[in-house]
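Notes follow the structure.
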Amino acid sequence: MTTPDRAESVLSTTVRTQIADLMSGVKALPPTQAVRLAEAARDRRGHGHPRHGEDLYCINLTCWMGERVPYLLQLLLDVAAENEGLRERIKAAANSETKPPPSPHRFVRMPDDVRCNFCKACGEHVLDPVHDA
């Protein structure tokens with residue numbers, strides 16, 4: 030089985046909207062049920078399939094898994110929406126020109142062999158982000 034390219038594996042907004050419309054009112058699959066669904070898929074693949082006749086074990090597992098697909102799709106939509114929000118936050122942070130707020134401390138420089146700085150205002154030892162980096 031080949032893995033799809035990253036661009037193909039990300040659900041577009043259009044696809045997510047279409048799925049959401051079809052899954053209206055469905056709650057996301059709880060994590061414990063997601064594990065049980067994965068176990069059922071593994072068990073279905075791994076059991077000894079009969080050579081002749083119906084495979085009632087596979088039919089039963091397939092039906093059980095099929096009943097949970099809408100909840101799994103909703104979980105997928107929730108995760109995709111969360112990922113998109115995180116990507117937007119990362120992009121916004123990367124594009125941001127904001128600088129960290131200035132330090133309230135005014136530094137007294139010590140000789141370079143003394144790795145300690147003191148604030149003129151409060152007298153405390155402080156880390157000078159420029160000097161001590």
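Quick note, the numbering used here runs 29 ahead of the 1-based positions in the sequence shown. Backbone N, C-alpha and C fix where the C-beta goes; we use that ideal spot for every residue, glycine too. Quick caveat: nothing in here was measured; it's all calculated off a predicted structure.
Query	Result
Nearest-angstrom Cα separation, counted from D107 out to G114	11 Å
Candidates G82, R74, L102, of which the one nearest K56 by Cα	L102
Three-state secondary structure assigned by DSSP to V63	Correcting the residue type first, residue 63 is Ala in the shown sequence and not Val. Helix at A63.
Supposed contact pair A63 and W93 - C-beta distance, whole angstroms, cut 8 Å	Their Cβ separation, rounded to whole angstroms, is 14 Å, which puts W93 and A63 out of contact at 8 Å.
Alpha helix (DSSP H) segment containing M94, residue limits	85–124
Local Cβ density within 10 Å of L85, reported as buried at 16 or more and exposed below that	exposed
Per-residue DSSP class, three states only, for R80	coil
Span separating the alpha-carbon of I88 from that of A67	16 Å
Distance CB(L58)-CB(Y100) smaller than 7 Å	yes
Rounded Cβ spacing between R45 and A121 (contact assumed at less than 8 Å)	Not a contact, Cβ separation roughly 21 Å.
Inter-residue spacing [alpha-carbon to alpha-carbon] between D50 and R97	17 Å
The alpha helix (DSSP H) enclosing V44, as first and last residue numbers	42–51
Beta-carbon proximity check, R71 vs L90, cutoff 7 Å	no
Distance, T42 Cα to L105 Cα	13 Å
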